[in-house]
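Participant: Let me give you the structure first, and then I'll get to my questions.
In this note's numbering, the protein residues as written are 1 to 399.
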């Protein structure tokens, strides 16, 4: 791996994709069933989407564009198409109720939503109520490719991720191009990720973890995404992982229990498993380590941090129940209620500082002031640090 992560040299997320496509246009960027989408093709699709957004819909730099799609190659092309047009991506959780989607689109001031026709039909009442928002099916988005991508800087807003708050309505975490590239750079280092790696994508791409680790990281590196089409039964997903030779596998804890119980030790191309989405039970970790010759690491993140904050190390001690140690170029500490740092095994609020920390909450200055203090992000999670520098979460702060 190069001394400087590739993501450190990129000015924007879409610049990173264009650079990967220029370096290896014939390389497969996305494996999708029997289809292999090369980098050159992905770039061209994204530029055509961008062209349609600019010419047919008048999208300008900074416009918020909703993205309401299931996992598919079009999600990736549309995501980068929005960025190439200078827009800000607002990913929408497919499982939200119409009222929650309505809140997100109104709060973000979205002028356009790129959506799956199926989702548009299911939410016909929503489209009728939101007269200021235009719902566009991707198959309607056709135009000549955008000749010149809109230039964006690292400090410019790239994505607004709406958090599922424990109380009240969801808030939009503003992530800049620099925030996401910083997180990708840190993950590239700690995961020892290289161009040869293929990342299995099983979790939804609207989720910040999969968006960063499963999509932006491999496409910035010049690696590949393996979009897994079938998750149930787990055997189908395992066969797709084997077929497309995925090397890095992020998934939820229960999938790793199924993988350990599948009796496949030899022939599995995966070199690293990452557990996310829920705490990893100690019994699943022990069973996996007994049966599989692959490291399974647990970490911690939140949308406001782009999202990865800490991981158990690939090499070295992996502590059950721990969220690991801070990733490269990210600081983690524990504070008391007066924002004073606490010592080893003293319980307090976990706080995070680094280039991955959000710019703030969209249109919520008071919530931003409560969450950000002198560059530190107050996570709302309660925990402690042990003698070896590993962090543990014990509770959630009461709002």
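By construction, the Cβ of each residue, glycine as well, lies at the ideal position given by its N, Cα and C atoms.
List, from N- to C-terminal side, the beta strand (DSSP E) runs of 3 residues or more that fit wholly inside the segment 281 to 353.
Facilitator: 296 to 301, 308 to 311, 330 to 335
Participant: Can you list, in chain order, the residues of its chain with a C-beta nearer than 7 Å to that of residue 15? Leave out the 5 residues immediately preceding and following it.
Facilitator: Along the chain shown, one-based indexing puts residue 15 at 15. Correct list: empty, nothing qualifies.
Participant: In three-state DSSP terms, what is residue 202?
Facilitator: Within the chain shown, residue 202 is the residue found at index 202, counting from 1. Here residue 202 sits in coil by DSSP.
Participant: When burial is assigned at 16 or more other CB atoms within 10 Å of the CB, is residue 1 buried or exposed?
Facilitator: Here residue 1 refers to the residue found at position 1 when the chain shown is read from its first residue. In this predicted model, residue 1 has a pLDDT of only 41, less than 50, meaning its place in the structure is not dependable; the value taken from the coordinates is given anyway. By the 10 Å Cβ count, residue 1 comes out exposed.
Participant: Give the straight-line distance between the Cα atoms of residue 229 and residue 85, rounded to the nearest whole angstrom.
Facilitator: Numbered from 1 along the chain shown, position 229 holds the residue referred to as residue 229. Numbered from 1 along the chain shown, position 85 holds the residue referred to as residue 85. When rounded, the distance between both Cα atoms is 29 Å.
Participant: Compute the beta-carbon to beta-carbon distance between residue 126 and residue 98, rounded to the nearest angstrom, for a pair I have assumed lies under 8 Å.
Facilitator: Along the chain shown, read from residue 1 onward, the residue named residue 126 stands at position 126. Along the chain shown, read from residue 1 onward, the residue named residue 98 stands at position 98. Rounded to the nearest angstrom, the Cβ distance from residue 126 to residue 98 is 5 Å, consistent with a contact under 8 Å.
Participant: Residue 122 to residue 132, Cα distance in whole Å?
Facilitator: Taking the first residue of the chain shown as position 1, residue 122 is located at position 122. Taking the first residue of the chain shown as position 1, residue 132 is located at position 132. It is roughly 19 Å from the alpha-carbon of residue 122 to the alpha-carbon of residue 132.
Participant: Mapping the DSSP letters down to three states, classify residue 360 as helix, strand or coil.
Facilitator: Taking the first residue of the chain shown as position 1, residue 360 is located at position 360. In the structure shown, residue 360 sits in a strand (DSSP, three-state: E or B).
Participant: May I have the straight-line CA-CA distance separating residue 380 from residue 109, to the nearest angstrom?
Facilitator: Here residue 380 corresponds to residue number 380 of the chain shown, with the count starting at 1. Here residue 109 corresponds to residue number 109 of the chain shown, with the count starting at 1. C-alpha separation (whole angstroms): 27 Å.
Participant: Residue 170 to residue 364, Cα distance in whole Å?
Facilitator: The residue labelled residue 170 in the question sits at position 170 within the chain shown. The residue labelled residue 364 in the question sits at position 364 within the chain shown. Roughly 11 Å separates the two Cα atoms.
Participant: Thinking just about the alpha-carbon of each residue, which of 307, 389, 329, 192 is nearest to the one in residue 345?
Facilitator: As a first step, residue 345 is located in the chain shown; it is residue number 345 there, counting from the start. For residue 345, the nearest C-alpha among the options comes from 389.
Participant: Would you kindly report the start and end of the unbroken beta strand (DSSP E) that includes residue 176?
Facilitator: Here residue 176 refers to the residue found at position 176 when the chain shown is read from its first residue. Residues 172 to 176.
Participant: Could you compute how far the alpha carbon of residue 394 sits from the alpha carbon of residue 142?
Facilitator: Counted from its first residue, the chain shown places residue 394 at position 394. Counted from its first residue, the chain shown places residue 142 at position 142. Their Cα atoms are separated by approximately 50 Å.
Participant: Drop a sphere of 10 angstroms on the beta-carbon of residue 324, count the other beta-carbons inside from all chains shown, and report buried for 16 or more, exposed for fewer.
Facilitator: In the chain shown, the residue the question calls residue 324 occupies position 324. Flag for residue 324 reads buried.
Participant: When the Cβ atoms of the segment 58 to 68 are set against those of the segment 18 to 36, are three or more pairs found closer than 8 Å?
Facilitator: With a cut-off of 8 Å on Cβ pairs, the segment 58 to 68 is not in contact with the segment 18 to 36, counting fewer than three such pairs.
Participant: Quick check on the burial criterion: 16 or more other C-beta atoms within 10 angstroms. Buried or exposed for residue 369?
Facilitator: For the purposes of this step, residue 369 is taken as residue 369 along the chain shown, with counting starting at 1. That one is exposed.
Participant: Between 267, 248, 269, 231, which has its C-alpha nearest residue 406's C-alpha?
Facilitator: Given a span of 1 to 399 for the chain in the structure shown, any question on residue 406 remains unanswerable.
Participant: Report all residues from its chain with a CB closer than 7 Å to the CB of residue 330; omit the five preceding and five following residues, and keep chain order.
Facilitator: Along the chain shown, one-based indexing puts residue 330 at 330. 186, 309, 352, 354, 356, listed in sequence order.
Participant: Does DSSP put residue 1 in a helix, in a strand, or in coil?
Facilitator: By 1-based counting over the chain shown, the position of residue 1 is 1. Because the pLDDT of residue 1 is 41, which lies under 50, any placement of that residue in the model is unreliable, and the question is left without a value.
Participant: Should residue 256 and residue 288 be called a contact, given that it needs their Cβ atoms to be closer than 7 Å?
Facilitator: The residue labelled residue 256 in the question sits at position 256 within the chain shown. The residue labelled residue 288 in the question sits at position 288 within the chain shown. Cβ atoms of residue 256 and residue 288: closer than 7 Å.
Participant: Between which two residues does the alpha helix (DSSP H) harbouring residue 99 extend?
Facilitator: Numbered from 1 along the chain shown, position 99 holds the residue referred to as residue 99. Segment 98 to 108, the alpha helix (DSSP H) holding residue 99.
Participant: Do residue 226 and residue 425 come within 7 Å of each other at the CB atom, strictly closer than that value?
Facilitator: In the structure as shown, the chain starts at 1 and stops at 399, and residue 425 therefore has no counterpart that could be examined.
Participant: For the putative contact between residue 181 and residue 10, defined by C-beta atoms under 8 Å, what is the C-beta separation to the nearest angstrom?
Facilitator: Taking the chain shown and counting its residues from 1, the one referred to as residue 181 is at position 181. Taking the chain shown and counting its residues from 1, the one referred to as residue 10 is at position 10. Right, the Cβ-Cβ distance comes to about 6 Å (below 8 Å), so this counts as a contact.
Participant: How many Å lie between residue 281 and residue 321 at the Cα?
Facilitator: The residue given as residue 281 occupies position 281 in the chain shown. The residue given as residue 321 occupies position 321 in the chain shown. Spanning the two alpha carbons is a distance of roughly 7 Å.
Participant: Using the C-alpha atoms, what's the distance from residue 107 back to residue 268?
Facilitator: Stepping through the chain shown from its first residue, residue 268 is reached at position 268. Stepping through the chain shown from its first residue, residue 107 is reached at position 107. Cα to Cα, the separation comes out at about 45 Å.
Participant: Excluding the 5 residues preceding and the 5 following residue 75 in the sequence, name in chain order all residues of the same chain whose CB lies nearer than 6 Å to its CB.
Facilitator: Numbered from 1 along the chain shown, position 75 holds the residue referred to as residue 75. Closer than 6 Å at the Cβ level, and outside the excluded window around residue 75, lie 69, 205.
Participant: Roughly how many angstroms separate the alpha carbons of residue 250 and residue 295, rounded to a whole number?
Facilitator: Reading the chain shown from its first residue, position 250 is the one you call residue 250. Reading the chain shown from its first residue, position 295 is the one you call residue 295. Rounded to whole angstroms, residue 250 to residue 295 spans 12 Å at the Cα level.
Participant: Buried or exposed: which applies to residue 199, given that a residue is buried once 16 or more other Cβ atoms fall within 10 Å of its Cβ?
Facilitator: As a working note, residue 199 is residue 199 in the chain shown. Around the beta-carbon of residue 199, 16 or more other beta-carbon atoms lie within 10 Å, marking it buried.
Participant: Where do the ends of the alpha helix (DSSP H) carrying residue 278 lie?
Facilitator: For the purposes of this step, residue 278 is identified with residue 278 of the chain shown, where counting begins at 1. Taken as a continuous stretch (DSSP letters only), residue 278 belongs to no alpha helix (DSSP H), as it is neither H nor E.
Participant: Quick check on residue 44: does DSSP put it in helix, strand or coil?
Facilitator: Indexing the chain shown from 1 puts residue 44 at position 44. The answer is helix: DSSP assigns residue 44 an H, G or I state.
Participant: In the DSSP assignment, find the unbroken alpha helix (DSSP H) run with residue 20 in it and report its ends.
Facilitator: Along the chain shown, one-based indexing puts residue 20 at 20. Looking at the DSSP string, the run of the alpha helix (DSSP H) that includes residue 20 is 13 to 23.
Participant: What's the C-alpha gap between residue 286 and residue 241?
Facilitator: Position 286 of the chain shown, counted from the first residue, corresponds to residue 286. Position 241 of the chain shown, counted from the first residue, corresponds to residue 241. Approximately 23 Å between the Cα atoms of the pair.
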